[in-house]
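First the structure, in the form of structure tokens, and then the observations on it.
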Amino acid sequence: MDSDGDGIGDLRGILTRLDYLQWLGVDVIWICPIFDSPNDDNGYDIRDYRKILSTFGTMEDFDRLLAEVHRRGMKLILDLVLNHTSDEHPWFLESRASTDNPKRDWYLWREGRDGHPPNNWESIFRGPAWTRDPSTGQY
Numbered sequence: 170m171d172s173d174g175d176g177i178g179d180l181r182g183i184l185t186r187l188d189y190l191q192w193l194g195v196d197v198i199w200i201c202p203i204f205d206s207p208n209d210d211n212g213y214d215i216r217d218y219r220k221i222l223s224t225f226g227t228m229e230d231f232d233r234l235l236a237e238v239h240r241r242g243m244k245l246i247l248d249l250v251l252n253h254t255s256d257e258h259p260w261f262l263e264s265r266a267s268t269d270n271p272k273r274d275w276y277l278w279r280e281g282r283d284g285h286p287p288n289n290w291e292s293i294f295r296g297p298a299w300t301r302d303p304s305t306g307q308y
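Quick note on our numbering: the sequence shown kicks off at 170 and runs consecutively.
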């Protein structure tokens, strides 16, 4: 449901297909993450929970989609990921500012072992799951 022909589905595209979805008997639409993100993790690395990634549209597009979904007696579910954020999110940036920052324990920070990561965990994206932060020396 791509409204602008860029090959990526977007909010306006969904809006144009609501009548068809309703005709099919769809009563709930579940949208993958659409929030502002550097998109290193397919949108699951949220930079700002209060903004829509421009690839998918605008907050006005979202408001219109939600209103039209509700007008048809349908529901809309957003995949809201709260258990992790982007390393560009303000909470993370504040957390990494110092080891005594009030938001420090909002994320997992660990001392390294002899100049190496704290353990041998691997990332799903390949390589180690840990990255040393130069500002505090922790992983």
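Each residue gets a CB set at the ideal place from its N, CA and C atoms; glycine is no exception.
Open item on the list: Could you tell me the alpha carbon to alpha carbon distance between Val-360 and Phe-231, rounded to whole angstroms?
Closed with: With the chain represented from 170 up to 308, any question about residue 360 goes unanswered, as that position is not in the structure.
Open item on the list: Short of 7 Å in beta carbon distance, which residues of its chain neighbour Glu-280, apart from the five on each side in sequence? Order them along the chain.
Closed with: For the purposes of this step, residue 280 is taken as residue 111 along the sequence shown, with counting starting at 1. Only residues of its own chain outside the window of five on either side were considered, and among them Pro-287 and Gln-307 have a CB closer than 7 Å to the CB of Glu-280, listed in chain order.
TODO: Within its chain, find whatever has a CB closer than 7 Å to the CB of Ala-298; leave out the 5 residues flanking it on each side and keep chain order.
DONE: Counting from one through the sequence shown, the residue named residue 298 turns up at place 129. Same-chain partners within the cutoff: Trp-290, Glu-291 and Ser-292.
Task: Gly-242 classed as buried or exposed, judged by whether at least 16 other C-beta atoms fall within 10 angstroms - done: Stepping through the sequence shown from its first residue, residue 242 is reached at position 73. Looking at its Cβ environment, which holds fewer than 16 other Cβ atoms inside 10 Å, Gly-242 is exposed.
Task: Rounded distance between the beta-carbons of Lys-244 and Asp-196, thought under 8 Å - done: Here residue 196 is taken as the residue at index 27 of the sequence shown, counted from 1. Here residue 244 is taken as the residue at index 75 of the sequence shown, counted from 1. A Cβ-Cβ separation of about 7 Å places Asp-196 in contact with Lys-244 under the 8 Å criterion.
Task: Burial state of Gly-296, where buried means 16 or more other Cβ atoms lie within 10 Å - done: Translated into the one-based positions of the sequence shown, residue 296 becomes position 127. Gly-296 comes out exposed.
Task: DSSP three-state assignment for Pro-297, whether helix, strand or coil - done: Within the sequence shown, the letter at position 128 stands for residue 297. The answer is strand: DSSP assigns Pro-297 an E or B state.
Open item on the list: Quick check on Arg-219: does DSSP put it in helix, strand or coil?
Closed with: For the purposes of this step, residue 219 is taken as the residue at position 50 of the sequence shown. Of the three classes helix, strand and coil, the one that applies to Arg-219 here is strand, per DSSP.
Open item on the list: In this structure, how does DSSP classify Glu-237 when only helix, strand and coil are distinguished?
Closed with: One-based indexing of the sequence shown puts residue 237 at position 68. Glu-237 falls in the helix class under three-state DSSP.
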